[in-house]
Amino acid sequence: METDAIVLDCNDHGESDVIVTLFSLEVGRITAIAKGAKKSLRRFVNKLELFSFLHVVCTRKAGKSLSFLAEADLHTSFLNIRKDLELYAVASVIREFLLVGIREDEPDERIFHLSLWSLHKLDLLQQPRAILALFLIRFFEYVGYRPDLETCGKCAIQVIPQKKYSFDPSRGRIICSGCVNSSTEGISLSHGTIKILRSAQDLPLERLHRLKISGTILQEALTILHSYGRHLFQRDIISWKIMKVCGKG
Ligand SMILES: [Zn+2]
């Protein structure tokens, strides 16, 4: 089997082998053993690094989950991401969400292209945390949990400028000030944030980078997306903590 793939994980195995976790376009998640990769065989050298975008040839025996990595060609290694601490930290959050969100034999072209898009934009040093927010809002949709930002999740009335809103991360919905039970229900959300996240849900991928998100809107967006992600996957996102201490807040 031949496919394009992104390296999501890479671990030594025994004396000379490496086990890689790949996100492939054709079959989703692949766990593959690269025999002899540690002995710097030419066909693998400098290719099996985190975030590398590869073209791979794999074989897998029926009924087995471990594939055999026969060949790997490098499309790009995203060198800037590997050189810059903040970019690396942001890419690590994306990687962690992908590792919990993608499955074997469940290819997803939209998530694949979205992931590649974010790595390319990060590598170009473009507003890294905004890229993360844009990635997450679409990623949640593609795994089946598009947050509803159009209407209040309780009264079903459309968002209007006269009301205040908060986001309920346990249900992926917004709640208007008229319906909110207490000041502790949900995370408050400004109209600016609602508006930009809604645009991010619907813009074509090739235009997504034109959305500029910064300042308090970016903070708010990341706060609700982080919280929603933790609820969806029922786990802490470890690399988020690392990202928080890297770079600019
Ligand atoms: Zn309401």
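Just so we're aligned: the sequence shown equals residues 8 to 256 in this note's numbering.
A virtual CB, placed ideally from N, CA and C, is assigned to each residue, including glycine.
Please read all numbers here as calculations on a predicted model, not as lab measurements.
Q.
Assuming contact is defined by CB atoms lying nearer than 8 angstroms, are R180 and G160 in contact in what I supplied?
A. Contact: yes.
**Q.** Status (buried if at least 16 other CB within 10 Å, exposed otherwise) for E162
**A.** One point to set straight first is that residue 162 is Cys, not Glu, in the sequence displayed. Flag for C162 reads exposed.
Q) In chain order, what residues of the same chain have a beta carbon less than 6 angstroms from the beta carbon of G256, not counting five sequence neighbours either side? A) With a pLDDT of 46 at G256, under the threshold of 50, the predicted position of this residue should be treated as unreliable, and no value is reported.
**Q.** The beta strand (DSSP E) enclosing N53, as first and last residue numbers
**A.** Element bounds for N53: n/a, residue is neither H nor E.
Q) Helix, strand or coil for G35 per DSSP? A) Shown here, G35 sits in a strand according to DSSP, grouped into three states.
(Q) Within the continuous beta strand (DSSP E) that includes A44, where are the two ends? (A) Looking at the DSSP string, A44 is not in any beta strand (DSSP E), and its letter there is neither H nor E.
Q. How about C159: is its Cβ closer than 7 angstroms to a heavy atom in ligand 1?
A. Yes, since a heavy atom of ligand 1 falls inside the 7 angstroms radius drawn around the Cβ of C159.
Q) Of all the CB atoms in chain C, is at least one closer than 8 angstroms to the CB of K42? A) Of the protein chains in the structure, only one exists, and it is not chain C.
Q. Ligand 1 heavy atoms versus the CB of C162: any closer than 7 angstroms?
A. Under cutoff, so the answer is yes.
Q: Measure the C-alpha to C-alpha separation of R110 and N53 and round it to an integer number of angstroms.
A: The straight-line gap from Cα to Cα measures roughly 26 angstroms.
Q.
Using 8 angstroms as the threshold, is the C-beta distance between I101 and L76 below it?
A. The beta carbons of I101 and L76 sit no closer together than 8 angstroms.
Q: Can you give me the start and stop residues for the beta strand (DSSP E) that V14 sits inside?
A: Segment E9 to H20, the beta strand (DSSP E) holding V14.
(Q) Extract the residue ranges of the alpha helix (DSSP H) inside the stretch 197-230, only unbroken runs of 4 or more that lie entirely within it. (A) Taking 4 residues as the minimum length, the alpha helix (DSSP H) runs contained wholly in the stretch 197-230 are 198-209, in order along the chain.
Q | Which listed residue (K202, S59, F58 and P176) has its alpha carbon closest to that of G193 | A | G193 has its Cα closest to that of P176, out of K202, S59, F58 and P176.
Q) How many angstroms separate the CA atom of I13 from the CA atom of S59? A) So the alpha carbons of these two residues sit roughly 6 angstroms apart.
Q. Any chance the stretch 21-31 sits against the stretch 42-51, with 3 or more Cβ pairs inside 8 angstroms?
A. Counting C-beta pairs with one atom in each stretch, the stretch 21-31 and the stretch 42-51 have three or more that are closer than 8 angstroms, which means they touch.
Q | Of the listed residues L55, V64 and G199, nearest to E33 (C-alpha basis) | A | With distances taken between Cα atoms, E33 lies closest to V64.
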